[in-house]
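Engineer: Chains A and B, in that order, give the protein sequences.
Our numbering numbers the first residue of the first sequence as 6 and each following residue consecutively.
Our numbering numbers the first residue of the second sequence as 6 and each following residue consecutively.
The structure is given below, and queries will be raised subsequently.
There are 2 protein chains.
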Amino acid sequence: MPDTFDLMEFLPYRLAILSERVSRRLATDYERTHGLTVAEWRVLVHLLRVEAVSVRDIRDYANLDKPKVSRAVARLEEAGLVKKRRGSGDGRLVAISLTDAGRATMAEVLPAAQDVEARLLSALNATELKTLSRVMEKLHAVLDADPAARPRTHVPATENPDQD
Amino acid sequence: MPDTFDLMEFLPYRLAILSERVSRRLATDYERTHGLTVAEWRVLVHLLRVEAVSVRDIRDYANLDKPKVSRAVARLEEAGLVKKRRGSGDGRLVAISLTDAGRATMAEVLPAAQDVEARLLSALNATELKTLSRVMEKLHAVLDADPAARPRTHVPATENPDQD
DNA sequence: GAGAGATCGTTGCATTTGCAACAAAAGTCA
DNA sequence: TGACTTTTGTTGCAAATGCAACGATCTCTC
């Protein structure tokens with residue numbers, strides 16, 4: 006056992022600290038102004054991009070488990086930001102979509118979130134951002150190859166499909 | 006409101022996903038083999054480096070809130086991995102330290118954690134690692150300048166104190 | 001088309017979490 | 001010294017979490 010193990014230099018810990026700090030900063034805005042949780046925020050964000058989706062779609066895309074999505078959607082429906090109808094076709098699926106109020110809420114909330122991201126990004130130059138993306142993808146790839154790691158729910162489209 | 010907002014490209018979200026995935030992979034080992042939670046693991050790791058510390062020290066160093074540290078220590082004491090005595094001197098402080106059993110547990114658990122980290126690091130070359138560190142520090146710096154962000158509990162020693 | 005198996009979404013439940021309140025001890029200042 | 005404030009660690013409590021179980025629906029196979 007090394008007598009010099011420093012948590013502050015341990016990559017997983019450093020990632021966790023940074024990620025948590027950024028998340029909390031973001032949540033500060035939409036939580037205070039609209040009482041949204043992280044799960045609810047992610048659901049709404051996903052709904053911005055698609056017409057109507059199932060719980061499973063949201064779970065995969067937003068990296069949340071089923072109960073979390075289910076309850077987030079329930080609260081959002083209660084709040085009138087989202088509407089839910091039973092799917093035509095497959096009777097198990099639920100078609101979840103934004104209401105006008107939901108879209109209005111996102112219009113109020115998104116700019117602040119994008120502003121936080123913009124400030125983060127503005128601290129990096131083009132090379133750094135590119136390297137960061139590559140590094141994050143490489144770290145994911147290590148976990149992809151690790152049977153003990155949870156699989157990714159959403160693998161990004163490969164830019165270079167022609168590699169080994 | 007942009008009609009093209011992709012969560013998958015949103016930096017805070019990408020950080021959260023990667024960080025959570027790495028954390029879970031790590032926790033897999035020490036949780037399954039020794040029933041340790043993340044908080045307990047962090048407490049033990051911190052105790053590896055110091056003789057005896059207070060709850061506050063651990064809170065600052067391991068980025069956990071007071072109740073979490075307090076309860077983690079209570080469980081670890083219950084399990085015999087840690088001992089707690091009232092501080093000589095300041096009567097409020099508690100002196101928390103590892104027992105032999107605690108050291109033995111860490112000797113069993115640390116290698117797996119370091120192995121996970123080593124595999125992650127081995128996917129990066131020297132430049133990438135250095136850039137990653139610099140980028141993470143820059144992102145922290147953005148939050149340091151943001152009054153709405155939670156302050157860092159533990160600011161790293163500056164290598165270059167002579168920059169604007 | 002009947003039955004076995006898989007999938008979808010919800011709910012139950014024990015545990016954990018975050019935050020505030022609290023008692024005990026130290027520090028402050030007259 | 002004595003009142004007031006601050007700090008330390010623990011506890012209470014409402015809410016969130018993770019996981020398994022469940023009913024409902026679909027699919028596949030014979």
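Quick reminder that beta carbons are idealized off the backbone N, C-alpha and C, glycines included.
Mind reading off the beta-carbon distance from B:Leu81 to B:Val114? Whole number of angstroms is fine, and I expect it under 8 Å.
Structural biologist: Mapped onto the second sequence, residue 81 of chain B falls at position 76. Mapped onto the second sequence, residue 114 of chain B falls at position 109. That pair is no contact at about 13 Å.
Engineer: Can you name, in chain order, every residue of its own chain whose Cβ lies under 6 Å from the Cβ of B:Ala117, other than the five neighbours on each side?
Structural biologist: The sequence position of residue 117 of chain B within the second sequence is 112, counting from 1. Taken in chain order, the residues that qualify are Asp34.
Engineer: Straight-line CA distance for B:Gly92 to B:His159?
Structural biologist: Here residue 92 of chain B corresponds to residue number 87 of the second sequence, with the count starting at 1. Here residue 159 of chain B corresponds to residue number 154 of the second sequence, with the count starting at 1. Distance between the alpha carbons of B:Gly92 and B:His159 is about 23 Å.
Engineer: In whole angstroms, give me the CA-to-CA distance for B:Gly85 and B:Trp46.
Structural biologist: Residue numbering aside, residue 85 of chain B sits at position 80 when the second sequence is read from its first letter. Residue numbering aside, residue 46 of chain B sits at position 41 when the second sequence is read from its first letter. Taking the straight line joining both Cα atoms gives about 14 Å.
Engineer: Go ahead and pull the three-state DSSP assignment for A:Leu103.
Structural biologist: As a first step, residue 103 of chain A must be located in the first sequence, where it is residue number 98. Note: A:Leu103 maps to strand in three-state DSSP.
Engineer: Would the beta-carbon of A:Leu129 fall within 8 Å of that of B:Lys143?
Structural biologist: Locating residue 129 of chain A in the first sequence gives position 124, counting from the first residue. Locating residue 143 of chain B in the second sequence gives position 138, counting from the first residue. Contact: yes.
Engineer: Which first and last residues belong to the alpha helix (DSSP H) in which B:Val27 is found?
Structural biologist: Along the second sequence, read from residue 1 onward, the residue named residue 27 of chain B stands at position 22. It spans 16–39 - the alpha helix (DSSP H) in which B:Val27 sits, taken as one unbroken run.
Engineer: What does A:Asp70 touch in chain B if you count any residue whose Cβ is under 8 Å from its own?
Structural biologist: Residue numbering aside, residue 70 of chain A sits at position 65 when the first sequence is read from its first letter. Those within 8 Å of A:Asp70 in chain B number zero; the least Cβ separation is about 12 Å.
Engineer: Among the candidates A:Asn68, A:Ala77, A:Arg124, A:Phe10, whose CA atom is the shortest distance from the CA of A:Gly40?
Structural biologist: The count along the first sequence starts at 1 and reaches residue 40 of chain A at position 35. Among A:Asn68, A:Ala77, A:Arg124, A:Phe10, the Cα nearest to that of A:Gly40 belongs to A:Ala77.
Engineer: How is A:Val58 classed by DSSP in three states: helix, strand or coil?
Structural biologist: The count along the first sequence starts at 1 and reaches residue 58 of chain A at position 53. If DSSP states are grouped into helix, strand and coil, A:Val58 belongs with the strands.
Engineer: Measuring straight from C-alpha to C-alpha, what distance separates B:Ala55 and B:Pro17?
Structural biologist: In the second sequence, the residue the question calls residue 55 of chain B occupies position 50. In the second sequence, the residue the question calls residue 17 of chain B occupies position 12. In the sequence as displayed, the identity of residue 55 of chain B is Val instead of Ala. In a straight line, the C-alpha of B:Val55 is about 33 Å away from that of B:Pro17.
Engineer: In angstroms, rounded to a whole number, what distance separates the CA positions of B:Ala137 and A:Val43?
Structural biologist: Position 132 of the second sequence, counted from the first residue, corresponds to residue 137 of chain B. Position 38 of the first sequence, counted from the first residue, corresponds to residue 43 of chain A. Before going on, a small fix: residue 137 of chain B reads as Leu here, not Ala. Roughly 26 Å separates the two Cα atoms.
Engineer: Please tell me whether B:Pro152 has its Cβ less than 8 Å away from any Cβ of chain A.
Structural biologist: As a first step, residue 152 of chain B is located in the second sequence; it is residue number 147 there, counting from the start. No, no contact with chain A.
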